[in-house]
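Student: One structure, pasted below without further comment.
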DNA sequence: CCTCGGTTTTGAACACGTTCAAGACAACGC
DNA sequence: GCGTTGTCTTGAACGTGTTCAAAACCGAGG
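Residue numbers (this note's numbering), protein chains in the order written: chain A, 263 to 507; chain B, 263 to 507.
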């Protein structure tokens, strides 16, 4: 459970203070180099208190992702209301995504170091980050639905998720990108966005349709990540539950 | 350099003993759950001694990858000498790869948790694991060169590396695969291998050739992982071990 | 005012990965 | 024998993330 656990105004403030201190330290000296004791001290709090609000050091990163997503939306602004061109829309989302995370590039690597670990709650595929993932996929759905673009039947349902995976790929590249100002990443976006539209078009061709269908099928099969017997009892998100939006 | 640091017969034996103990413990109780003290005790050695042969707990995993590769070759046997069919050859390599790592499925996740971290020496892209990666890519080159298969000019040079990436994808799936006996993974191999051959064929079509060229170009661009100024000269393999930071 | 229940806060304590100065050992030249 | 040099081995000690029992705090009821 992600467990916010702040039932009080003062509690919420403390939580915020800890998160602020943590992110600032992560940004300036890196994740591994920052100790929980430093964070606690910077937040003017006992170390145990940090663990009252965040189950682990990792969970602080998850909180960062949440913050980063609202920053992403802020930077995106009304860009999706000003054009119906698919490439422009997609490009806008990707560029602002990179922009929004830019100050935290090194921190963002953690997303992938745990992405592959089935048990890490930090993985973008984990149940803990499911709501956040859903929002990102929904954003891609908006990119598609508001665009003048014909999508083949086979692809339609899964396209948003595929685009999200594509976004993850871009972010993965960006995390490794050591070019000045990360210009290579922006170049990659500009060069691959047309390819993506092209692929969506190609997917309708009879030559590749069976292949597309197969790939989509595999994706579907993968989705309900057969995660053990699962706690079933439903994500205890009862009270604070619905992440906004 | 992996830092063997065993200049003596007895030293080599000790190293082996530690590695054996570590892998056995990793296999039976998992990586995170195994402590260096347990390993040392099982190997009948002081904890500091383990660090004389392995710079860190992670390095034990790298040693595992090396062992696993020779096991992979053993299982593969002469399979590559008995057929020139591309699909059969590729399938043989992939299936034996999965077979060879099967007892260490959980341990293998570590490959990916660090794959994305640019600084981790465990990453398959890191200089530390370069020689091992080369061997894996070379194996794929053999798969191609010994097969009756026509490869387009644009693709030829990079195909082995692409196939290795494909192998990594399979392994990534396998690591998450919770189906009984991991049958889903073997199914995935059987279903995707034909797709791969198909794609290699399609890559020659004029419609997609520019796209192929672009993708290959990006791959090339990515290769010399702009990793710092590159230490080139002396990969500080001095004995006492230039710990680095 | 006091008491009670829940929420928040504390800091000592724990187990872990890792380091390091010191010692043990082995081979060799004298 | 004896020192010398390089390899190997030891175990206490350090800093880390994390836990937990206890304390402090706070609002509401009596």
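Heads up, the beta-carbon is just placed ideally off N, CA and C, and yes, glycines get one too.
Does the distance from the CB of residue 322 of chain A to the CB of residue 284 of chain A come in under 7 Å?
Tutor: Yes. Within cutoff.
Student: Can you give me the Cβ contacts of residue 279 of chain A inside the same chain, cut-off strictly under 8 Å, excluding the 5 residues immediately before and after it?
Tutor: Correct list, in chain order: 305, 306, 307.
Student: Below 8 Å on the Cβ atoms is my contact criterion, and I expect residue 372 of chain A with residue 356 of chain A to pass it. Report the Cβ-Cβ distance as a whole number of Å.
Tutor: Rounded, the Cβ-Cβ distance is 20 Å, inconsistent with contact.
Student: Tell me, please, whether the CB atom of residue 371 of chain B is closer than 7 Å to any CB atom in chain A?
Tutor: Closer than 7 Å: yes.
Student: Confirm, please, whether the CB-CB distance from residue 351 of chain A to residue 215 of chain A is below 7 Å.
Tutor: Outside the shown range of chain A, which is 263 to 507, sits residue 215 of chain A, and nothing can be said about it.
Student: Taking Cβ-Cβ distances shorter than 7 Å, what residues in chain B pair up with residue 412 of chain A?
Tutor: Near residue 412 of chain A there are no residues of chain B at all, since even the closest Cβ is about 18 Å away, more than 7 Å.
Student: Can you tell me which of B/425, B/417, B/415 puts its alpha carbon nearest to the alpha carbon of residue 398 of chain B?
Tutor: It is B/425 whose Cα lies nearest to the Cα of residue 398 of chain B.
Student: Around the Cβ of residue 415 of chain B, are there at least 16 other Cβ atoms within 10 angstroms (buried) or fewer (exposed)?
Tutor: Exposed is the call here.
Student: Pick out the complete alpha helix (DSSP H) segments inside the region 276-314 of chain A, 4 residues or longer, and give them in chain order.
Tutor: 298-304, all fully within the region 276-314 of chain A.
Student: Which of the three DSSP states is assigned to residue 348 of chain B in this structure?
Tutor: Of the three classes helix, strand and coil, the one that applies to residue 348 of chain B here is helix, per DSSP.
Student: Look at the Cβ atom of residue 289 of chain B, then the Cβ atom of residue 365 of chain B, and state whether they are nearer than 7 Å.
Tutor: Yes, these two residues count as a Cβ contact at 7 Å.
Student: In this structure, how does DSSP classify residue 387 of chain A when only helix, strand and coil are distinguished?
Tutor: It is coil, neither helix nor strand.
Student: In whole angstroms, what separates the C-alpha of residue 491 of chain B from that of residue 391 of chain B?
Tutor: Confidence at residue 491 of chain B is low in this model, with a pLDDT of 38, below 50, so the placement of that residue should be treated as unreliable; the coordinate-derived value is given next. So the two alpha carbons sit approximately 18 Å from each other.
Student: Roughly how many angstroms separate the alpha carbons of residue 447 of chain B and residue 358 of chain B, rounded to a whole number?
Tutor: Roughly 12 Å between the two C-alpha positions.
Student: Taking CB distances under 7 Å as the criterion, tell me whether residue 474 of chain A reaches chain B.
Tutor: So no, residue 474 of chain A is outside the interface.
Student: May I have the straight-line CA-CA distance separating residue 381 of chain A from residue 388 of chain A, to the nearest angstrom?
Tutor: In a straight line, the C-alpha of residue 381 of chain A is about 8 Å away from that of residue 388 of chain A.
Student: Whole angstroms is fine: what's the gap from residue 442 of chain B's alpha carbon to residue 396 of chain A's?
Tutor: Straight-line Cα distance between these residues: approximately 29 Å.
Student: Quick check on the burial criterion: 16 or more other C-beta atoms within 10 angstroms. Buried or exposed for residue 362 of chain B?
Tutor: Burial call: buried.
Student: Taking just the CA atoms, how far does residue 476 of chain B sit from residue 337 of chain B?
Tutor: Distance between the alpha carbons of residue 337 of chain B and residue 476 of chain B: 37 Å.
Student: Does residue 453 of chain B come out as helix, strand or coil in the three-state DSSP assignment?
Tutor: Note: residue 453 of chain B maps to helix in three-state DSSP.
Student: Cβ of residue 312 of chain B within 7 Å of Cβ of residue 302 of chain B?
Tutor: In contact: residue 312 of chain B and residue 302 of chain B (Cβ atoms closer than 7 Å).
Student: Determine the burial state of residue 465 of chain A: buried for a count of at least 16 other Cβ atoms within 10 Å of its Cβ, exposed for fewer.
Tutor: Counting Cβ neighbours within 10 Å, residue 465 of chain A comes out buried, since at least 16 surround it.
Student: What does residue 457 of chain B touch in chain A if you count any residue whose Cβ is under 9 Å from its own?
Tutor: Within chain A, the residues near residue 457 of chain B are 473, 476, 477.
Student: Using only alpha-carbon positions, find the residue among A/267, A/340, A/375, A/330 that is nearest to residue 394 of chain A.
Tutor: If we check each option's Cα against that of residue 394 of chain A, A/330 comes out closest.
Student: If I measure Cβ to Cβ from residue 300 of chain A and keep anything under 7 Å in the same chain, skipping five residues before and after, which residues do I get?
Tutor: 287.
Student: Report back the beta-carbon spacing between residue 480 of chain B and residue 460 of chain A to the nearest angstrom; my notes put them in contact at under 8 Å.
Tutor: With 8 Å as the limit, residue 480 of chain B and residue 460 of chain A do not qualify as a contact, their Cβ atoms being about 15 Å apart.
Student: For residue 440 of chain A, does the three-state DSSP call read helix, strand or coil?
Tutor: In this structure, residue 440 of chain A counts as coil in the three-state DSSP scheme.
Student: Alpha carbons only, please: which of B/343, B/484, B/400, B/271 is nearest the one belonging to residue 434 of chain A?
Tutor: For residue 434 of chain A, the nearest C-alpha among the options comes from B/484.
Student: Would you mind working out which of A/370, A/314, A/298, A/349 sits nearest residue 326 of chain A, comparing C-alpha positions?
Tutor: It is A/370 whose Cα lies nearest to the Cα of residue 326 of chain A.
Student: If we ignore side chains and look at the alpha-carbon of each, how far apart do residue 440 of chain A and residue 455 of chain A end up?
Tutor: About 21 Å.
Student: Of all Cβ atoms in chain A, is any one closer than 7 Å to the Cβ of residue 276 of chain B?
Tutor: So no, residue 276 of chain B is outside the interface.
Student: Please report the residue range of the alpha helix (DSSP H) in which residue 399 of chain B lies.
Tutor: Note, residue 399 of chain B: alpha helix (DSSP H), 392-407.
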